[in-house]
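Student:
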Amino acid sequence: MNLKSYKHKFNIKNETMSLESYLDLCTTDSSVYSSPFERMLKVIGEPEIIDTAKDARLGRIFSNRVIKRYKVFKDFYGMEDVIEKIVSFFTHAAQGLEERKQILYLLGPVGSAKSSLAECLKELMESEPFYALAVRGDKGVIQISPIFEDPLGLFTQKDSEALGIPSRYLTKIPSPWAVKRLKELGDVSKFLVVKLYPNQLEQIAISKTEPGDENNQDISALVGKLDIRQLEYYSQDDPDAYKFSGGLCLGNRGILEFVEMFKAPIKVLHPLLTATQEGNYKGTEALSAIPFEGIILAHSNESEWQSFRDNKNNEAFLDRIYIVKVPYCLRLKEEKQIYDKLIVNSSLAKTPCAPHTLEMLSKFSVLTRLDVPQNSSIYVKVKVYDGQSLKNSEPHAKSFYEYKETASAKEGFEGLSTRSAFKILSQVYNYDIEEVAADPVHMLLVLKKYIASSDLNDAKKELWIKFLDEELETEYFEIVRKDIQTAYLDSCHELGQYLFDRYIVYADYWIQDADYRDHDTGHLYDKAALNDELEKIEKPGKISNPKDFRHEIVNFALRYRAQNKGKNVSWTSYEKLREVIEHNLFKDLDKILPQISFEKFATTEENKKQQNYVARMKEKGYTERQVKRITEWCQRNMKGK
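FYI, the numbering for the sequence shown is 1453 to 2093, going by this note's numbering.
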């Protein structure tokens, strides 16, 4: 194992330089004094520009407009609009606009990826270094400012021209710690500057705070507090007697994450107002103001936000919040990708998951999150939101934005949470005591149990059960019907090939307007008789234009033989005719299932058929236990379909 990169993370040697060297560096490299917003924007990088007009599915979802995607957010599926709003916040803040004075607030239901976004932003912040003020203390030990303050805080806007630095970067104030050192040193040039990387583990420019007990929480969680152990050596108003341990102190020059912010008492949040608007805040002791330049990232659920918003006493605070709504995913493909990501990052990565299992959970999850539309089916709406083409199957379906305009503000903020879906998926994988695996039959059972045991109201329970019975179970029956049918027919290769070859011969003679004599029976077929035989095969397959179909198939077969030295064409090689033959072999599932025997005392022929069938189903992604379970489930449900 190569530990170089791992060791590097914990053995970064902080580069130290004189203040003068730092100022010289500022004149040649503007990134040296860049704000946290600018550093974040740099790490996010340039987007991939996607013209959705060139992608049929995305074009239907985004009305053919141009969208942006960022590589660093690639694992956040279906969140293009959310990500773009977050990036816009950093872009405007980096430009020095009003956003730099606002709190980035992620608002969404439980399990909508708010925390994951926050973690991602903190990880990104660790990638770009910044420079902090320091001094050489006793025995030559370097003492870094406890709040990692900007060296430019020692200067004012009047020094802009002399330093060659834009004046907007010279609006900061020195901390009480720096003021004391300046008095002790007597010369600003004796300060040092240290190059640091933000670090979550060491709480360097990245901090996290949570609301505590409402009865005992105070502002010290944000601004720090007096260190009573130092009162033996320093007076109470001495900066060295102060413990700069608050979230604003440790998150300075980087990110302060405030979890469930609006659960905290309003008095605890007051320091955030001055920190964002004035760039400094007061501590708990008689110290001068403490500077703050950083990103305040907060998130909570909608219920806390609504309670806070409805309180008129909080109006001043509300004006300082940049809201980014983070709803649940409403697109089937992307919802499945979220589950795929979960499984890949778990011990279940190599555990069997039968086809259509994740698709079923995705569809159920999305259905529960959508508003039921008027004058339209919710089952059509879910396909439109997924960007599927319904031009032929549902010609009266509305467009994506027509559904979106009539939806309520709560669409995407209610329904099955992604977190609950993960728990359901865990139960499905462990449902069978003899095999850790997932399949749609167990998914249906677990979903029904989940709904029955949930605290949903009766109307919601009835609707969710309706989704299972009307859509998911019915849809899966049709899907598994085809899986079983094709698996069984694949084991009947010889019969399929015979029908294919006979169709090609009949069609070829029919096109040539010639009679055909069967060599085995001696029976003579004229054109009318050939047409009758061809129609027997075509009609079950619902071939709308037999003449063109026959020409197409014969030309394909002749070209194949010419290109492959007379080799015969496999009956499965041409999709259209393969489907027609499948319809002829077994038009109904009830003619197939009785021939699939799992009985102990089955005949040798039956066992062979069953083994071939199981082998084909395993090739599709089922385990042997799942094949038996799904086949039996299909037999039980066949009569009602």
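Note that the Cβ used here is the ideal one computed from N, Cα and C, for glycine as well.
1. Inspect the CB distances between the segment 1890 to 1909 and the segment 1819 to 1826 and report whether three or more fall short of 8 Å.
2. Work out the CA separation of Asp1891 and Gly2073 for me, nearest whole Å.
3. Out of curiosity, what's the CA-to-CA distance linking Thr1623 and Leu1558?
4. Starting from Met1469, trace the beta strand (DSSP E) both ways and give me its first and last residue.
5. Can the beta-carbon of Gly1563 be found less than 8 Å from the beta-carbon of Ser1869?
6. Given this structure, state the Cα-to-Cα distance separating Cys1418 from Tyr1837, to the nearest angstrom.
7. Would you call Gln2015 buried or exposed, if buried means 16 or more other Cβ atoms sit within 10 Å of its Cβ?
8. If you run the structure through DSSP and keep just helix, strand and coil, what is Val1524?
9. Please list the terminal residues of the continuous beta strand (DSSP E) segment that includes Leu1644.
10. Would you call the CB atoms of Gly1731 and Phe1744 closer than 8 Å?
11. Distance, Cα to Cα, Gln1964 vs Ser2022?
12. Mapping DSSP to helix, strand and coil, what is Tyr1621?
13. On the criterion of 16 or more Cβ atoms from any shown chain inside 10 Å, does Thr1504 qualify as buried, or is it exposed?
14. Indicate the three-state DSSP secondary structure (helix, strand or coil) for Phe2053 in the structure shown.
15. Along the chain, where does the beta strand (DSSP E) that runs through Ala1586 open and close?
16. Let me make sure I understand the geometry here. Which of Ala1981, Lys2028, Ala1768 and Leu1915 has the alpha-carbon closest to that of Asp2000?
17. Can you tell which of Lys1777, Arg1761, Val1778 and Pro1779 has its C-alpha closest to the C-alpha of Asp1771?
18. In terms of DSSP beta bridges, what is Lys1695 paired with?
19. Nearest to Lys1934 by alpha carbon, out of Tyr2026, Ile1617, His1808 and Phe1816?
20. State the CB to CB distance for the pair Pro1691 and Leu1739, rounded to an integer number of angstroms; the pair is presumed to be in contact (CB under 8 Å).
21. Secondary structure at Phe1760, three-state DSSP: helix, strand or coil?
22. Taking Cβ to Cβ, would you say Val1711 is nearer than 8 Å to Ala1565?
23. Mapping DSSP to helix, strand and coil, what is Ser1869?
24. Please report the straight-line C-alpha distance between Leu1813 and Gly1511, rounded to a whole angstrom.
25. Any chance the CB of Glu1927 is under 7 Å from a heavy atom of the ligand FAD?
26. Just the Cα atoms here: how many angstroms apart are Leu1982 and Val2032?
27. Would you say Leu1678 and Glu1737 are within 8 Å of each other, going by their C-beta atoms?
28. Closest by CA to Leu1644, which one among Pro1998, Phe1489, Ile1594 and Glu1551?
29. Among the residues of its own chain, which have a CB less than 6 Å from the CB of Arg2088, if the five just before and after it don't count?
30. Measure the CB-CB distance between Ala1586 and Ile1596 and report whether it falls below 8 Å.
31. Distance check for Ser1568 and Lys2080, CA to CA, integer angstroms please.
32. Alpha carbon to alpha carbon, how far is Asp1960 from Glu1987?
33. Measuring CB to CB, does Val1518 end up less than 8 Å from Gly1497?
34. Looking at the strands, I want to know which residues DSSP matches up with Leu1556.
35. For Gly2111, is the classification buried or exposed, using 16 other Cβ atoms within 10 angstroms of its Cβ as the cut-off for buried?
36. Can you give the Cα-Cα distance for His1975 and Arg1969, rounded to whole angstroms?
Tutor: A quick look at the data gives this:
1. no
2. 10 Å
3. 28 Å
4. Glu1467 to Ser1470
5. yes
6. Summary: the structure shown does not reach residue 1418, with the chain confined to residues 1453 through 2093, and so no result is reported for it.
7. exposed
8. helix
9. Leu1644 to Leu1648
10. yes
11. 23 Å
12. helix
13. buried
14. In this predicted model, Phe2053 has a pLDDT of only 43, less than 50, meaning its place in the structure is not dependable enough to derive any value.
15. Phe1582 to Arg1588
16. Lys2028
17. Arg1761
18. Lys1677
19. His1808
20. 6 Å
21. helix
22. no
23. coil
24. 25 Å
25. Ligands are entirely absent from the displayed structure, and the ligand FAD is therefore not among its contents.
26. 17 Å
27. yes
28. Ile1594
29. none
30. yes
31. 40 Å
32. 14 Å
33. no
34. Leu1749 and Tyr1774
35. There is simply no residue 2111 to check, as the chain begins at 1453 and stops at 2093 in what is shown.
36. 6 Å
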